[in-house]
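For the sequence shown, counting from 1, position 56 maps to 56 in the UniProt record's numbering; every step adds exactly one.
Note that beta-carbon positions come from the ideal geometry of N, C-alpha and C, so glycine has one too.
The block underneath contains the structure these notes are about, expressed in structure tokens.
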Amino acid sequence: MSKKIDFNKGLKDMSEADLKARIQEDELRLKKLEFAHAISPLENPMSIRDLRKDVARLKTELRKRELA
């Protein structure tokens with residue numbers, strides 16, 4: 001639980017350009033993980049879910065700033 005709280009606090013300090021760059025970077029990493037998992041099972045498949053949730057948190061923060 002504290003990882004999520006720390007992640008959200010870190011988002012507040014990032015600029016919009018940093019958020020967009022981080023989203024692109026994490027989406028690329030997610031695609032690579034999913035591809036690797038399709039070929040051979042990952043040691044920790046929960047990392048895919050965690051990364052997907054992190055991308056969603058980034059997009060939510062970016063959208064919140066756009067609306068503000």
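> Since L33 contacts I48 with CB under 8 Å, what's their CB separation in whole angstroms?
Replying inline: Counted from its first residue, the sequence shown places residue 33 at position 33. Counted from its first residue, the sequence shown places residue 48 at position 48. Indeed, because the Cβ distance is near 5 Å, the residues count as touching under 8 Å.
>> Beta-carbon within less than 8 Å of D26's beta-carbon, same chain only, minus the 5 sequence neighbours each way: which residues are those?
In response: In the sequence shown, residue 26 corresponds to position 26, counting from 1. The beta carbon of D26 sits closer than 8 Å to those of L51, D54, V55, L58, all from its chain and outside the five residues before and after it, given in chain order.
>> Rounded to the nearest angstrom, what separates A17 and R63 at their Cα positions?
In response: As a first step, residue 17 is located in the sequence shown; it is residue number 17 there, counting from the start. As a first step, residue 63 is located in the sequence shown; it is residue number 63 there, counting from the start. C-alpha separation (whole angstroms): 13 Å.
>> Let me confirm a value: L11 is counted as buried when at least 16 other C-beta atoms fall within 10 Å, else exposed. Which label applies?
In response: Counting from one through the sequence shown, the residue named residue 11 turns up at place 11. Under this definition L11 is a buried residue.
> Got a sec? Which residues, its chain only, sit under 8 Å from P45 by beta carbon, not counting five neighbours each side?
Replying inline: Working through the sequence shown from its first residue, we reach residue 45 at position 45. Contacts found: H37.
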